[in-house]
Each structure stands twice: as C-alpha cells, then as structure tokens.
Amino acid sequence: MPLDRLSDLDPDAGEVIDEELAVSDDVLVKVFALGPGAELDPHVHDDASNVFHVLTGTVTVVQDDTEETITAPGVVFNERGQSHGARNGTDDVVILTASLCPLPG
C-alpha cells in the first residue's frame with residue numbers, strides 16, 4: 001500500500017464523495033470532496049473532537065451559529081459536542097479531511 005492514501009476525487013455539482021483514509025482504535029480520518037453547491041450537514045460528535053484540514057478550494061465552515069470562509073490550506077478544530085458542518089459556495093471542488101478522535105465507543 002502506498003504511503004499517500006488520498007485518491008483523485010471529482011464530485012459533480014451538489015455531490016459529496018467521502019472515503020475513509022485511516023481507521024484505528026484511536027482515530028478515524030476521512031476525506032470529503034464537495035462539488036459546487038454541496039454541503040456536509042451540521043452534526044455533533046458528543047464523545048470526540050473533529051478537525052477539518054482544508055486541502056483545496058474555499059469552504060464555508062459552520063460551527064454552532066457561526067460561519068467562516070476558509071481557503072486552503074486551513075485547519076478548523078471542532079470541539080466535542082460542538083455542531084459543525086461545511087458548505088461549498090464556489091464553482092470549484094473543495095477537498096477536506098476530517099479527523100475524529102478518539103473514536104466514539
């Protein structure tokens with residue numbers, strides 16, 4: 001297996017493609033490719049922190065009642081119990097990873 005686990009992802013408008021890149025007892029790392037207009041609905045992880053790493057593009061990150069536009073490269077920390085999501089309001093594809101740790105029991 002190659003060291004680089006990131007594959008080429010090319011979502012259509014409104015589409016979200018996600019893949020698990022790494023899974024262990026301690027962490028889950030997923031990649032999300034958001035096509036233009038696509039959205040990761042806000043959600044909560046009560047027992048884990050979640051970190052977004054914006055790799056390409058510009059994405060609007062939502063935390064609770066706050067929204068902020070993040071342009072790659074960028075890192076966003078979502079604390080345990082904090083509602084978070086992401087929206088691609090651009091005409092380009094956005095690629096971000098999400099690291100969840102520790103894994104909820």
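Using the UniProt record's numbering, the first residue of the sequence shown is number 1, and each one after it goes up by one.
Every residue, glycine too, gets a C-beta built ideally from N, C-alpha and C.
| task | Take residue 76 as the anchor and find which of 89, 97, 16, 30 has the nearest alpha-carbon. | result | 97
| query | When DSSP labels each residue in this structure, what does residue 115 get in the three-state scheme? | reply | No answer is possible for residue 115: it lies beyond the span of the chain, which begins at 1 and ends at 105.
| Can you tell me where the beta strand (DSSP E) with residue 33 in it begins and where it stops? | 28-34
| Does the distance from the CB of residue 36 to the CB of residue 13 come in under 8 Å? | yes
| query | Which one or two residues does DSSP pair with residue 89 in a beta bridge? | reply | BP columns for residue 89 are empty, so no partner.
| request: Spell out a yes or no on whether the stretch 43-53 and the stretch 74-94 are touching, meaning 3 or more CB-CB pairs, one atom from each, closer than 8 Å. | output: yes
| query | If residue 34 and residue 11 are in contact, beta carbons under 8 Å, what's the gap, nearest whole angstrom? | reply | 7 Å
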